Each structure stands twice: as structure tokens, then as C-alpha cells.
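Asker:
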Amino acid sequence: MCPNSFLLFMKKLGSWKGVVGTQHGDEAKGKIVDVLADEADEVVRYNGANNAGHKIYNTDGSRSVVLSQAPSGVLKGKRGFIAANSLFSPSAYFEELERIKKFGVDNAIHLTRIATQASLIQPHQRLRDVALAKEAIGTTGRGIGPGYGDRAMRTHGERQLDLRMGVLLEDTQKAMRIMQNNYDAEVALLERDPECDQKRLKAAIAKLNIKDLMAQEFDAINTLVGLELIEKDPAYIVRRLQQGMNILAEGAQSLYLANLGTTPYITSSDPSVGGAISCGMPWQYLKELIFVAKSIPTRVGKGPFITEYGGSAQEAYCMEDEGDKHNRAYEQAAYGHRLDACLRSNNPLEFAGAVRSQTDEYGGVSGRPRRLGEFDAYMIRTAIEMYGATGLHLSKVDCLQLLKHRESIRIGVGYAQSGKNIDYVPTNEADARRTEAVYREYGTFDADISNAKSAAELPKELRRMLQDLEDYLGCPIHSIGIGPRGDQVIFRQGNWALAA
Ligand code: GDP
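In our numbering, the protein residues as written are -11 to 488.
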């Protein structure tokens, strides 16, 4: 059926917008989703699970909450949907609902429905993640990789590895038995696995505390079932679109942690718009696709990061003690009292540590320090070309003020290996690690822009840089973020450089 005849079948025209991260995650998607949610009737999460952590502030910036599984719009009373390609942890969701209550929203539980096809994150998957992957590739240890692995594997002999939410509607007790059985079998397997560090395994078993965890899962599952929050209709989203609703699809993680990422440092689900479409969000209703990139890019965990300050030295520093050693408290004490000197420092670790401590670049859920680098426009342009964004939200532009003592703000516009330009984004680790960026330089600025109300109030060096970046990307810079609050966004009104 051609698109036009399809349109005839559309009943009432709603539409959807997608928001997709286009670096290594943590691009501040949560905030822009929160802003765009004002115009939406419902926010859909279509990939990932509680490995995401979207930090959102209230209107006056005095309180914040980290959302992991709840779609960002719930803070504004919008309906939410956790779609088919997601994993879902009931116990973690109820902990999150407590955080949301403390933030001041009491009814969040009633707002979000969960697709029957979403998979439950089970205790054995959490155990396997901590025992085998957390340290090796820097995962969050919440069972996401093993969860998606089991979803693909489905069974292991007689064991039913993957449990969908829909199973809970049929027989909760049976689902609990399957979970317990999977856990016991996993412990036995890991105890015999030569790749598994037995000390780490013992610690993980003690920390998980399966008896308490199963009790929590049981309570959480019963509440979800009792409140009829598990959605049986696989066409739920399109029905909402047909009712004329406007839907915002909130991607978790990022394109450079998926097909554009370097294995094994990637995420297990599809954050691209394709991930949303395969949940049943028809492309014919797609109105806008906003990519999000952070002007001070970060990467958490291990993996190549071509424009990283200090290269692999910062990677090692941030991952020491599984990321716990140089945490927020450590760095605030280390850099806070000599900030200016550190921002002038030629030592990239000191410079990056000082910027991190000022920009709060620590994992929303894990608290791990995020590795910092310079803005890499080449990778973003490639993603835009491949996945077709209609606009780019550039977040944390206010933070570029911290580069005021540097000779310039550098933006990566290409790559080279041994001094010779290459014309592709390397996605193999060894290839990426021998690649360096080719930069364009822009003037720095020393101005607090966090209260600017329009592009005209921004320093001219910054406006020039934004326009040049937009021309380079071949895609409008839809908006820029100038602070954590929802009102700290400047939307594009035309040529950035000419704004008056
Ligand atoms: P996400 O997972 O992609 O939503 O990113 P995180 O929530 O982990 O990290 C984004 C952090 O930056 C949060 O603390 C936000 O409140 C904050 N933030 C978002 N936008 C801006 C901005 O434009 N400027 C500043 N200074 N902070 C921002």
C-alpha cells in the first residue's frame, strides 16, 4: 500500500515526535523530553530499561529527580507507555515511584502502562551482569544485557529464560517460580564458570539478597496486575494516534552505543527511530525527529572516545575501582577550592576533573564520573545523515563558558590516522583507538548565558560557532540548552549568527 492510500486509512490524525541521543548517552535527553512533553499527550519509552537515568529539575530548579523507567512526561501529569522493545524491572520501578513521590508527584503509578510484550528483568540476569560484564565492559550491572540476551535466546533446555509482562496476567505464582528456578540455575552455572571471578560472585549473591528481592518483585508485580497497568493491546500506540493524540517517543541510550558503537562497549537495545517504529509507532505519523547532543560530550564506562581529554588516561582514571574512586564527592573536594587554576591547567585530567565537578557529569544512577571530551561534530553529522534528524538539540551550551581560559573552543570535523585523513566513523575498537580528530577552532567566551532569553543575548563568538556548526551538520540546530531548568532553552528563530 502506498503512503497516500495508507493516509486515507488514518482515522484522526495524531502525530509523534522522536527524541534520540546521538553521542554516548547522557546527552541531557531527559530535560528536552520534559520540555517537549508540554505539547504531548503521552510519552513513550521504546528501548532500554533502568540502565537509563534522566535527571529532571522542577520549575525553579530547587529539586531534581532521576527517572529510569518512568517516561519523563509523568512529572507533568502526562500519560506514559513502556513499549514492547523495553525491558522492565518491577522492583526498581517501585523504588523509582518513591523518588517521584518525594519530588512531589503522587499519582505517577496510574499514568504509565506497560506493554505485555516488554520483558521482565529477572534476578538471575542481574546476577549474571554483575558477575560477568560489569567490570569487563562497565555496564550498570542491572541485568539489561543478559535480559536482552535471554529475550533472543528464549530458552535454555527446559528453562524458560525470557518472561514477558503478559505472563504475569496469566499466572503470577508460576512466573515467580520460573524466576526462582532461573536464579538457582544461574548460580549453579556461574559457580562452575571458569570465566567468573568467584569472589565477585559471592559478593554479588550477598548484595542481591534473593529472598528479599523476590518478595519485592512479588509485591510490585501484584500491584501492577491489580491496578491493570499491563496493556494487552499490541496496537495501543497506534490507537492513541488514531484518536488524535500527540505522542513523544523518548529514546534511551544513544546511537553511538548501538549500531554506530564499538563492540563490546555498546548497549543491547535499539535507540534509533527504528526501535520506536518496531514497537508499533508507524512512520507515517512521525512529524519530527530531534537528535540530542551535548556540547561537552561525555562517555561513561569503557570504550573508545576519540575527542577525550587526555585519551585513555582519563578513561582509566574514571573507571578506577569500577568508577567509584573518583566520584562526585572526591572530585568536588579535589577541584572545588582551586577551580580557576584547574581550568587553566595543561594537565587534561585536572582540567576535565574541574569541568566535570562544575557540570555535575556523574552517572544519574551509578554516580560514576563521566569521561569528558571535545565536541565531535563529525560523528553527529554522520548519525544525522544515516538516521535523518529534522533538528538537533544542543544541550549544556552554558557549560562552554568553563573553556574560557583555553585558546579556543575546538570542534572535531573529521578524523585522521597517522596524519592521513579518513572518511568514515571507525566502529571497530582498534580502528577507533588509532584515530584522532581534526578540529576547527572557535573563539571562547566568558559570559554567564544561563539567563539569556533569546539568541540575540548570546555572545557573538558563540552565535557564530552555532551557525557554522549548523551549516556543517546540514541540519537545523532546533534549540540549545543553557541550564538544567526547563525554561533554560533557546529555540532557533533563524540564522544564529545574525540573531538580533
Ligand atoms: P540524559 O540521561 O540524556 O537525560 O542525561 P542526564 O540526565 O544523565 O544528564 C543531564 C544532566 O544535565 C542533568 O543533570 C540535567 O539536569 C542537566 N542539564 C540538562 N540540560 C542542561 C543544560 O542545558 N545546561 C546545564 N548546565 N545542565 C543541563
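C-beta atoms are modelled at their ideal positions from N, C-alpha and C, and glycine is treated no differently.
In this text the structure is predicted, and so the values were computed from the model without any measurement.
1) To the nearest angstrom, report how far apart Arg116 and Glu445 are at their CA atoms.
2) As a quick exercise: from Ile478, Met164, Lys220, Thr251, pick the residue whose alpha carbon is nearest that of Ala208.
3) Where does Gly262 sit, in a helix, a strand or coil, going by DSSP?
4) Please state if the CB of Ser242 and the CB of Gly135 are separated by a distance shorter than 9 Å.
5) Might you give, ordered along the chain, the residues of its own chain that have their beta carbon closer than 7 Å to the beta carbon of Ala301, omitting 5 neighbours on each side?
6) Determine the contact status of Gln346 and Cys306, defining contact as a CB-CB distance below 9 Å.
7) On the three-state DSSP scale, how would you describe Asp364?
8) On a CA-only basis, which of Lys64, Ala58, Ile102 is nearest Glu86? Give me that one, please.
9) So what does DSSP say about Ala476, is it helix, strand or coil?
10) Could you spell out the range, first to last residue, of the alpha helix (DSSP H) harbouring Phe82?
11) Any heavy atom of the ligand GDP closer than 8 Å to the CB of Pro472?
12) So Leu75 and Ser107 are in contact, right, with Cβ under 8 Å, and what is the actual spacing, rounded?
13) Report the residue ranges of all alpha helix (DSSP H) runs contained in full by the region 379 to 421; include only those spanning at least 4 residues, in chain order.
14) Alpha carbon to alpha carbon, how far is Ser77 from Arg428?
15) Any heavy atom of the ligand GDP closer than 8 Å to the CB of Tyr498?
16) Could you tell me whether the Cβ atoms of Gln17 and Glu238 are closer together than 9 Å?
17) Could you pull out every residue in the same chain whose Cβ sits closer than 7 Å to the Cβ of Ala223, ignoring the five residues on either side in sequence?
18) Reducing DSSP to helix, strand and coil, say where Thr286 ends up.
19) Whose C-alpha, out of Trp271, Glu219, Gln168, Ser266, is nearest the C-alpha of Arg114?
20) Is Glu15 near the ligand GDP, going by C-beta to nearest heavy atom under 8 Å?
21) For Gly41, which option in Glu349, Glu319, Arg147, Ala191 has the closest C-alpha, if you only look at C-alpha atoms?
22) Using C-beta distances below 8 Å, list every residue in its chain close to Thr47, excluding the 5 sequence neighbours before and after it, in chain order.
23) DSSP has Phe279 in a bridge; who is on the other side?
24) Could you check whether Leu382 and Lys448 sit closer than 9 Å to each other, using their CB atoms as the reference points?
25) Could you check the C-alpha separation between Asp200 and Gly154 for me, to the nearest Å?
26) I need the straight-line Cα distance from Val54 to Lys408, nearest angstrom please.
27) Could you work out which residue in Asp328, Phe339, Ala443 is closest to Gly298 when comparing CA atoms only?
28) Between which two residues does the beta strand (DSSP E) carrying Arg326 extend?
29) For Trp4, count neighbouring C-beta atoms within 10 Å of its own C-beta (all shown protein chains included) and say buried if the count is 16 or more, exposed if not.
30) Can you check DSSP and say which residues form a bridge with His112?
31) Could you say if the region 392 to 401 and the region 354 to 364 meet the contact criterion of at least three C-beta pairs nearer than 8 Å?
32) Could you check the C-alpha separation between Lys220 and Arg227 for me, to the nearest Å?
33) So, for Arg67: in the same chain, excluding its five sequence neighbours on each side, which residues have a beta-carbon less than 6 Å away from its beta-carbon?
34) So with Cβ pairs under 9 Å, would you call Gly137 a contact of chain C?
35) Any heavy atom of the ligand GDP inside 8 Å of the beta-carbon of Thr489?
36) State the Cα-Cα distance for the pair Gly249 and Arg130, rounded to the nearest angstrom.
Answerer: According to the data block:
1) 52 Å
2) Met164
3) helix
4) no
5) Leu337
6) no
7) strand
8) Ala58
9) The amino acid at residue 476 is misidentified as Ala; the sequence shows Gln. If DSSP states are grouped into helix, strand and coil, Gln476 belongs with coil.
10) 78 to 91
11) yes
12) About 5 Å; that satisfies the 8 Å criterion.
13) 417 to 421
14) 44 Å
15) Here the chain comprises residues numbered -11 to 488, so residue 498 is not present and cannot be evaluated.
16) The sequence given here places Lys at residue 17; Gln does not occur at that position. Yes.
17) Gly268
18) Three-state DSSP puts Thr286 in a strand.
19) Gln168
20) The answer is yes for Glu15.
21) Glu349
22) Arg473, Gly474, Asp475
23) Val8, Leu380
24) Result no, Cβ atoms of Lys448 and Leu382 do not sit closer than 9 Å.
25) 24 Å
26) For Val54 and Lys408, the distance between alpha carbons rounds to 43 Å.
27) Phe339
28) Premise fails: Arg326 is in no beta strand (DSSP E) and is neither H nor E.
29) buried
30) Partner(s): none; His112 has no beta bridge.
31) Contact between the region 392 to 401 and the region 354 to 364 is present, because at least three Cβ pairs lie under 8 Å.
32) 13 Å
33) Glu30, Leu99
34) Protein chain content of the structure displayed is limited to a single chain, and chain C is not contained in it.
35) The requested residue 489 is not part of the displayed model; the chain covers only -11 to 488.
36) 20 Å
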